[in-house]
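Chemist: Attaching a single structure in C-alpha cells format; questions to follow.
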C-alpha cells in the first residue's frame, strides 16, 4: 500500500511538472502582432500601384485649343454640369452625368476620358476618382466650359477678384510660410482589409461627399481655423505673399513620408492659382482620410489684379456646342 501511495504521488508530481511546463511555454509565446492600420494598407497599396500623388496629378489637364487640335472624337467626353445647362449646349458627343455617377458613366468609355464642368474645379474631383479607378489618362478641361466659349464663362467672370488685397489675413510679399511639422496619420474606419477594396470604398465616399470647396471669405475671415496648404513653388510665395499661417507643402508624396506634414485633426484647405489643382489635391486627401477642402477659384479670387500669370481671362474662343435634341 505504501508503495502504491508513493507511486501515485510520483505520478501527480510528474503530471504537475508537465502541465506547468506547458503552461509556461504558452505564456512565453509572443503575442500575435496587431493588424496594420487601414491607412497603412491603403498607402502601401497606392505606392505599389503607381498612385502616389505626384503620379496621379501629373499631366491631368488639357486646354480647349488642344482638344480641338487633336479632334473632339478622340475623347470620351463627360460633362458634369447640370442637365439643364448641358441640354442648352454641350460639346458634340459629350455625355451628361453627375460627379457622384462618374465611375458608372466611365464604364462605357473606349477612348481617353475628358471631364468638363463649369470652371475646371469640380472636374478635378472627378478625374481623381477616375485615375484612382483604372482610368489613368483621364483629364480635366482647363477652365471648364468657361474656356470653350466666352458666353459660357459666367461663373469665372463672376468669381475672380481681389478679396485678399489689403486684407489683414494676407501677408504681402515676400510672404511668411509656416515651417512644416510632423503629425499623426489619419484614421480610416473600414471593414475591408485589402488595399484595393479600401481604395474603392474611399473613392466612393469622396464622390458621395460631393465637391468639397470653400470660399475665400471663410478662410480669410478665420485662417487659424484651418490647416492651410499653399500649393505653390517657393518663389511664387516670395512674389505674391500668402494667407496668414499657411504652410507650403509642395512637393510631397506618400513614399517619402512628407504627407505626414498634413494635420488630420484639422480641416485642410488647399489653395493654388485657379482652384483646379487644389481640387485634385483635395479629392486625393479625402480619399486618404483627411477632411479637406479646396479654396474655390484659388488666388484668382483673391489677388487677381496682382497676377502676372496663371490668370483668368476670357479665352476669346467660341467653339461649337450642340443642344440636346
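Residue numbers (my numbering): 7 to 331.
From the three backbone atoms N, C-alpha and C, an ideal C-beta is built for every residue, glycine too.
#1: Buried or exposed: which applies to residue 85, given that a residue is buried once 16 or more other Cβ atoms fall within 10 Å of its Cβ?
#2: Which residues in the same chain have their Cβ closer than 6 angstroms to the Cβ of residue 63, if we skip the five residues on either side of it in sequence?
#3: State yes or no: is the C-beta of residue 201 within less than 8 angstroms of the C-beta of residue 58?
#4: Which residue or residues does DSSP assign as beta-bridge partners of residue 276?
#5: Please report the residue range of the beta strand (DSSP E) in which residue 317 lies.
#6: Kindly indicate the opening and closing residues of the alpha helix (DSSP H) around residue 146.
#7: Hey, out of 131, 99, 83 and 218, whose CA is closest to residue 112's CA?
#8: In its own chain, which residues sit with a C-beta less than 6 angstroms from the C-beta of residue 96, not counting the 5 before and 5 after it?
#9: Contact between the segment 120 to 140 and the segment 148 to 157 is defined here as three or more beta-carbon pairs at a separation below 8 angstroms; is this criterion met?
#10: Return the CA-CA distance between residue 110 and residue 127, expressed in angstroms with no decimal places.
#11: Looking at residue 277: is its Cβ nearer than 8 angstroms to the Cβ of residue 155?
#12: Is residue 94 buried or exposed, if buried means 16 or more other CB atoms sit within 10 Å of its CB?
#13: So which of 39, 144 and 44 has the shortest CA-CA distance to residue 68?
#14: I need the boundaries of the alpha helix (DSSP H) containing residue 112, first residue and last residue.
#15: Check whether the segment 264 to 272 touches the segment 209 to 223, counting contact only when three or more Cβ pairs, one atom from each stretch, lie closer than 8 angstroms.
#16: In three-state terms, what does DSSP make of residue 85?
#17: Mapping the DSSP letters down to three states, classify residue 154 as helix, strand or coil.
#18: Using the beta-carbon count (16 or more within 10 Å), is residue 5 buried or exposed?
#19: Whose C-alpha, out of 197, 178 and 189, is nearest the C-alpha of residue 47?
Modeler: According to the structure data:
#1: Numbered from its first residue, the chain shown carries residue 85 at position 79. By the neighbour-count rule (16 or more Cβ atoms within 10 Å), residue 85 is buried.
#2: The residue you call residue 63 lines up with position 57 of the chain shown. Excluding sequence neighbours, residue 63 sits near 286.
#3: Reading the chain shown from its first residue, position 195 is the one you call residue 201. Reading the chain shown from its first residue, position 52 is the one you call residue 58. For residue 201 and residue 58, no; Cβs fall outside 8 angstroms.
#4: Within the chain shown, the letter at position 270 stands for residue 276. Answer by DSSP bridge pairing, in chain order: 235 and 300.
#5: Within the chain shown, numbered from 1, the residue matching residue 317 stands at position 311. Premise fails: residue 317 is in no beta strand (DSSP E) and is neither H nor E.
#6: By one-based count along the chain shown, residue 146 stands at place 140. Unbroken run through residue 146 is the beta strand (DSSP E), 145 to 147; no alpha helix (DSSP H).
#7: Translated into the one-based positions of the chain shown, residue 112 becomes position 106. Of the candidates 131, 99, 83 and 218, the one whose C-alpha sits nearest the C-alpha of residue 112 is 83.
#8: For this step, residue 96 is matched to residue 90 along the chain shown. Non-local beta-carbon contacts of residue 96 in its own chain, meaning distances under 6 angstroms to residues more than five positions away in sequence, involve 85 and 327 in chain order.
#9: yes
#10: The residue labelled residue 110 in the question sits at position 104 within the chain shown. The residue labelled residue 127 in the question sits at position 121 within the chain shown. Taking the straight line joining both Cα atoms gives about 20 angstroms.
#11: Counting from 1 along the chain shown, the entry for residue 277 is found at position 271. Counting from 1 along the chain shown, the entry for residue 155 is found at position 149. Judged by their CB atoms, residue 277 and residue 155 are not nearer to each other than the 8 angstroms cut-off.
#12: Position 88 of the chain shown, counted from the first residue, corresponds to residue 94. That one is exposed.
#13: Counting from one through the chain shown, the residue named residue 68 turns up at place 62. With distances taken between Cα atoms, residue 68 lies closest to 144.
#14: By 1-based counting over the chain shown, the position of residue 112 is 106. Here the alpha helix (DSSP H) through residue 112 covers 108 to 112.
#15: Under the three-pair Cβ rule at 8 angstroms, the segment 264 to 272 does not count as touching the segment 209 to 223.
#16: Working through the chain shown from its first residue, we reach residue 85 at position 79. In the structure shown, the three-state DSSP call for residue 85 is strand.
#17: As a working note, residue 154 is residue 148 in the chain shown. Of the three classes helix, strand and coil, the one that applies to residue 154 here is coil, per DSSP.
#18: In the structure as shown, the chain begins at 7 and stops at 331. Residue 5 is therefore absent and cannot be evaluated.
#19: To locate residue 47, count along the chain shown from 1; it is residue 41. Checking every option, the nearest Cα to that of residue 47 belongs to 197.
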